[in-house]
Structure formats: C-alpha cells, structure tokens
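Just so we're aligned, residue 7 is where the sequence shown starts under the numbering used here, counting upward by one. All C-beta atoms in this analysis are idealised placements derived from N, C-alpha and C, irrespective of residue type, glycine included.
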Amino acid sequence: MRKLSRYLVLLALAVGLFGCSSKEPLDYLPAGTGYIGINVQKFYSQQGCKRLAEVLKKIDPENTPPEKSDIAYVVLRDPSEGGGVYVALIGKPGSADEIFASLQKNSKVTPVTVAGMKGYRVAPPTPDPSNRNQMILVKLSDSAILASNTEAGIEEMKKASRKKVPGAAQSAEFMKCQTLSQENPFAFVANVSRYAGALGTSLGPVAKANPKAAEALSKIQVSSLTAGWDNEPKINVVAYTSDEAAARDIATLANFMLGMQRNSLPPLLRSLVAVPSKDGISLELTIPKENADQWLDKLEQIVTSLPQDQQKRMQVLTQRLPELFR
Numbered sequence: 007m008r009k010l011s012r013y014l015v016l017l018a019l020a021v022g023l024f025g026c027s028s029k030e031p032l033d034y035l036p037a038g039t040g041y042i043g044i045n046v047q048k049f050y051s052q053q054g055c056k057r058l059a060e061v062l063k064k065i066d067p068e069n070t071p072p073e074k075s076d077i078a079y080v081v082l083r084d085p086s087e088g089g090g091v092y093v094a095l096i097g098k099p100g101s102a103d104e105i106f107a108s109l110q111k112n113s114k115v116t117p118v119t120v121a122g123m124k125g126y127r128v129a130p131p132t133p134d135p136s137n138r139n140q141m142i143l144v145k146l147s148d149s150a151i152l153a154s155n156t157e158a159g160i161e162e163m164k165k166a167s168r169k170k171v172p173g174a175a176q177s178a179e180f181m182k183c184q185t186l187s188q189e190n191p192f193a194f195v196a197n198v199s200r201y202a203g204a205l206g207t208s209l210g211p212v213a214k215a216n217p218k219a220a221e222a223l224s225k226i227q228v229s230s231l232t233a234g235w236d237n238e239p240k241i242n243v244v245a246y247t248s249d250e251a252a253a254r255d256i257a258t259l260a261n262f263m264l265g266m267q268r269n270s271l272p273p274l275l276r277s278l279v280a281v282p283s284k285d286g287i288s289l290e291l292t293i294p295k296e297n298a299d300q301w302l303d304k305l306e307q308i309v310t311s312l313p314q315d316q317q318k319r320m321q322v323l324t325q326r327l328p329e330l331f332r
C-alpha cells in the first residue's frame, strides 16, 4: 500500500511537471482589445479570395499569404493599453517548417532567438526606422508559429502560456472570434463598450432627436465583422446587445442616420439597412460580382505597371491606391 501511495505521488508530480507543460498555440495569445481570425484554407477555397491572393503575391513575392497554414489568430491591443500585435499561425504537421524554409529565401529577414525560441525578424517592404511594421516569427512546433511586432511581445506570449498575464483563451470576445472563423475566411471581434457609450453623446443634434436610441448605444458591448468572397464579396457587421428593445432603438437610429447620408454615400452603400434581432443589430453588404471583378481588374492593372524596385513599388502603390475607389 505504501509503495502504491508513493507511486501515485510520483505520478502526480510527473503530470504536474511535464504533462501540464505541454501548451497549445492559442495558450500563448495574451488578452487584447480586438481579435482577428483568418481561416486560411477557407480563404483559398473561395474564388474571389483566391484571385485576390494571387494579385497580392505579385505586389511582394517575398511576403505571400501563408497557404500552408490552416488558421491564424491575431490579437490587437489598444494603444492606450500599450499597443501590440500577437499572432498564432496553426497548420498541419510540417507546415511551420515549410513556412520557415520559405522565409530563409526572403532578403528582408534576419535570424533571431527570443524567449528561447529560434525565428526570424521580417522587415517591412519599405525601410522603417521605428521598426513598428516589422514582425518577429518564432517556431513553436512543426505545426505552429508565433509572431509579434516586438521581441517584448514574444516574451509576453510566453508569459501568457504560463498564465503570468491574462490570456485570450479566457476572453468571451476571442471565443466568439473562434466560432465565426469556422464559417468565414475573415472574422474580427472587439470589445467596444468603452467607445459605444461615448458615441451616443458625440452625435449632437441626432442624439437630442433620438435620446432613447442614443442612450441604448451604451448597451453595446461587443461588435464583429465577418467577410468572405466566393462568387461575390459579402461583409456582415453585428453590434451585440442582449437587450432586444435597445437593439430596435439602435437600428432605428442607424437607419435614420443612413437615410440622412443616403445621397452622399457611394452607390454600393445606399441599400444598407440595419436589422435588429435578439443578438443585437446587423448590417450586411453584398457587392455585385461585376463590380468586384472590375475592382480586381483595376488593381491588377496597377500592380502590373509597378516598377521592379520593391521600395519604389510600395511607394507607387500607396500613391495609386485611391484610384481603386473612384
């Protein structure tokens, strides 16, 4: 009996020391203000998204969308909370090795070791003395990559895995993002409670004309945006509130404001209507295939005419992007 007890104690210690040390990639994501989910496989399975990716590859062949991954999650932190970008890229076994092998061919990367993990610092296409647009990628396993815009960000991700800082996994917003990412190529979820209340008071005369609706805005806690592009682009925005009466009031206010601006809105946005539901209010935009194809054709023409030098390419592209929306 004594030997059995000793064995159980040793087994418990082993589980505590080793079993719990095995972390999932999402355990490394710290809590943030907003969360992005990119379903990579669904993105490449949709016709419009796939064509867009092909054009993006032509812009910067060395920085192409990671086809080898299954899904990517991005945590964004508000500048008032210190800012920061944190990424977990997850794929099938061997996918991380393939991505790192392609990075080795990139002229803009330098090897780094951060938090005991080896990786690469990827410089932006155009020089940036502030390093704000750089990304540091480290390999967590043969199927997962972690990334942040600073070395301190990678260190914080390691702290999140050890529960020394709040993690995204405990966030209701992140869980909502995960759910939406299963069905959409792109999903964004954020806690907007700090902004929603202030929005009502900033509406001025509109708020005075609709005091009940303006007050209802403070009941919005979370907002989401999902997007996909198979035959035609579809974008859906939802402002969540569990108060159905507040949802109706907010929808009335949103439609009133859309009506006021209807003539000044681009033609594609003039049919927008806010629809209330038990979850909140939603706005759905579907862009006709013909318009979307014309937009892609125009982007392709711009990209084809860009100079060969990468720095000049990005400068000219930035100057010509407004042409896409004329």
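Contact between V91 and L82 holds, with the beta-carbon distance rounding to 6 Å and staying under 8 Å. For the pair of segments examined, the segment 304 to 311 was found not to touch the segment 243 to 261: the number of CB pairs separated by less than 8 Å stays below three. Non-local beta-carbon contacts of A298 in its own chain, meaning distances under 8 Å to residues more than five positions away in sequence, involve G54, W235, E238, P239 in chain order. The bridge partners DSSP lists for R127 are T116, I142. The beta carbon of Q47 lies closer than 7 Å to those of D76 in the same chain, with the five residues before and after it left out.
In this structure, I160 lies near S154, with their beta-carbon atoms less than 8 Å apart.
No Cβ-Cβ contact shorter than 8 Å links Y79 with M163. Among the bridge pairs identified by DSSP, T232 is matched with A193, N242. Counting only residues of its own chain and dropping the five nearest sequence neighbours on each side, E87 has a CB closer than 7 Å to the CB of T39. For the set L152, L109, L274, L58, the Cα lying nearest the Cα of R332 is the one of L274.
As computed with DSSP, I293 is found in no beta bridge at all. Put simply, the segment 58 to 68 does not touch the segment 94 to 106. Fewer than three CB pairs are less than 8 Å apart. In the structure shown, S270 falls within a helical segment according to DSSP collapsed to helix, strand and coil. When the five nearest sequence neighbours on each side are left out, the beta carbons in the same chain lying within less than 7 Å of the beta carbon of P172 are those of P36, A37, in order along the chain. Buried is the label assigned to Y246, since at least 16 other Cβ atoms lie within 10 Å of its Cβ.
Counting C-beta atoms within 10 angstroms of its own C-beta, A260 has 16 or more neighbours from the protein chains shown and is therefore classed as buried. With fewer than three CB-CB distances shorter than 8 Å, the segment 268 to 285 does not count as touching the segment 220 to 228.
Per DSSP, G54 is one residue of the alpha helix (DSSP H) stretching across 53 to 65. When the Cα atoms are used, E179 and I44 turn out to be separated by approximately 15 Å. Ranked by Cα distance from A222, the options N197, P211, K165, A204 are led by A204.
As computed with DSSP, P282 is found in a beta bridge with I287. With contacts defined by Cβ atoms closer than 8 Å, S147 and A175 do not form a contacting pair.
Using a Cβ distance threshold of 8 Å, G125 and I142 count as a contacting pair. For S149, the number of other beta carbons within 10 angstroms of its own is at least 16, and it is reported as buried. Bounds of the alpha helix (DSSP H) holding I160 are 157 to 167.
Counting only residues of its own chain and dropping the five nearest sequence neighbours on each side, V118 has a CB closer than 7 Å to the CB of G125, Y126, R127, I142. The beta carbon of K165 sits closer than 7 Å to the beta carbons of V171 from its chain, once the five residues preceding and following it are set aside; these are given in chain order. DSSP places A94 inside the beta strand (DSSP E), whose first and last residues are 91 to 97. Within 10 angstroms of the beta-carbon of T232 lie 16 or more other beta-carbons, which makes it buried.
DSSP places D103 outside any beta strand (DSSP E); the residue lies instead in the alpha helix (DSSP H), whose first and last residues are 101 to 109. The residue among G265, S51, D84 with its C-alpha nearest the C-alpha of R200 is D84. Of A219, W301, K218, the smallest CA-CA separation from L327 is found for W301. For A150, DSSP records a beta bridge to I96, S147.
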